[in-house]
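Visitor: Using full-length UniProt numbering, the letters of the sequence shown correspond one by one to residues 1 to 129.
Would you mind keeping the following structure in view while I ask a few things?
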Amino acid sequence: MIGLCLGLAGVVWAQVPTPTFTLAWNHTIEKIRWEEDYRVTPDGLLLGEARIKGSGAGMDAPDDAELRDGSWHYRRQLPPMQPLRVGRTPEAGDYQLCFEGTCHALSEWLGPPTAERPALELWSCAQAD
Numbered sequence: 001m002i003g004l005c006l007g008l009a010g011v012v013w014a015q016v017p018t019p020t021f022t023l024a025w026n027h028t029i030e031k032i033r034w035e036e037d038y039r040v041t042p043d044g045l046l047l048g049e050a051r052i053k054g055s056g057a058g059m060d061a062p063d064d065a066e067l068r069d070g071s072w073h074y075r076r077q078l079p080p081m082q083p084l085r086v087g088r089t090p091e092a093g094d095y096q097l098c099f100e101g102t103c104h105a106l107s108e109w110l111g112p113p114t115a116e117r118p119a120l121e122l123w124s125c126a127q128a129d
């Protein structure tokens, strides 16, 4: 089964057995929620829909975004990302990984963000049965 690996430079820190997930976070300055939906494929993480609650400080919604239910919804055509690299520092706060109807802080798998590990990579990987 294919799932999601969390780590850095190919070293797996945690595995999550899910075929889809939402990566969510709050903008560090504006404190506005961002959400990106991904599908886990053998070629990498495929971005689906993205949502943002507002704009400001370099985070404007794209021109083709549509306002629904209080968020701007949009899609970007990108090739699968393998890996998807994100910053993760104590100052920025933690990301949430949402799947199967529940959101979890990445700290549940990785511990809190630290200055010693300011980055994280997510990629598709084979899961142990």
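Glycine is no exception: its CB is placed at the ideal position from the N, C-alpha and C atoms.
Just so we're clear, the structure is a prediction, and the values are computed from it rather than from any experiment.
Determine whether the beta carbon atoms of GLU49 and HIS73 lie at a separation below 8 Å.
Guide: Locating residue 49 in the sequence shown gives position 49, counting from the first residue. Locating residue 73 in the sequence shown gives position 73, counting from the first residue. Going by C-beta atoms, GLU49 is nearer than 8 Å to HIS73.
Visitor: Alpha carbon to alpha carbon, what distance is there between THR114 and ARG33?
Guide: The residue labelled residue 33 in the question sits at position 33 within the sequence shown. The residue labelled residue 114 in the question sits at position 114 within the sequence shown. Spanning the two alpha carbons is a distance of roughly 21 Å.
Visitor: Measure from the alpha carbon of THR89 to the alpha carbon of each residue in VAL11, LEU120, GLY44, ASP60, then state which is nearest.
Guide: Locating residue 89 in the sequence shown gives position 89, where the first residue counts as 1. With distances taken between Cα atoms, THR89 lies closest to LEU120.
Visitor: Going by C-alpha distance, which of LEU67, CYS103, GLN77 is nearest THR18?
Guide: The residue labelled residue 18 in the question sits at position 18 within the sequence shown. Of the candidates LEU67, CYS103, GLN77, the one whose C-alpha sits nearest the C-alpha of THR18 is CYS103.
Visitor: By Cβ distance below 8 Å, which residues in the same chain neighbour MET59 in space, the five residues on each side in sequence not counted?
Guide: Reading the sequence shown from its first residue, position 59 is the one you call residue 59. Excluding sequence neighbours, MET59 sits near HIS27, GLU30, ILE32, TRP34, ILE52.
Visitor: Using DSSP bridges, identify the partner residues of ILE32.
Guide: As a working note, residue 32 is residue 32 in the sequence shown. Per DSSP, none; premise fails for ILE32.
Visitor: What is the C-beta distance between GLY44 and GLN96, in whole angstroms, given that I count them as a contact (C-beta under 8 Å)?
Guide: Taking the first residue of the sequence shown as position 1, residue 44 is located at position 44. Taking the first residue of the sequence shown as position 1, residue 96 is located at position 96. Contact doesn't hold; Cβ gap of about 21 Å is too wide.
Visitor: Could you name each continuous beta strand (DSSP E) segment of 3 residues or more that falls completely within the region 35 to 101, going from the start of the chain to the end?
Guide: 44 to 52, 66 to 68, 71 to 75, 84 to 87, 96 to 99
Visitor: State the DSSP-derived secondary structure class of GLU116, mapped to helix, strand or coil.
Guide: If you number the sequence shown from 1, residue 116 lands on position 116. Looking at GLU116 - three-state DSSP - the assignment turns out to be coil, as it is neither helix nor strand.
Visitor: Can you tell me which of ASP63, GLU66, THR22 puts its alpha carbon nearest to the alpha carbon of LEU106?
Guide: If you number the sequence shown from 1, residue 106 lands on position 106. Closest option to LEU106, Cα to Cα, is THR22.
Visitor: Specify the secondary structure class of LEU23 as computed by DSSP and reduced to three states.
Guide: Taking the sequence shown and counting its residues from 1, one reaches residue 23 at position 23. DSSP places LEU23 in strand when its eight states are reduced to three.
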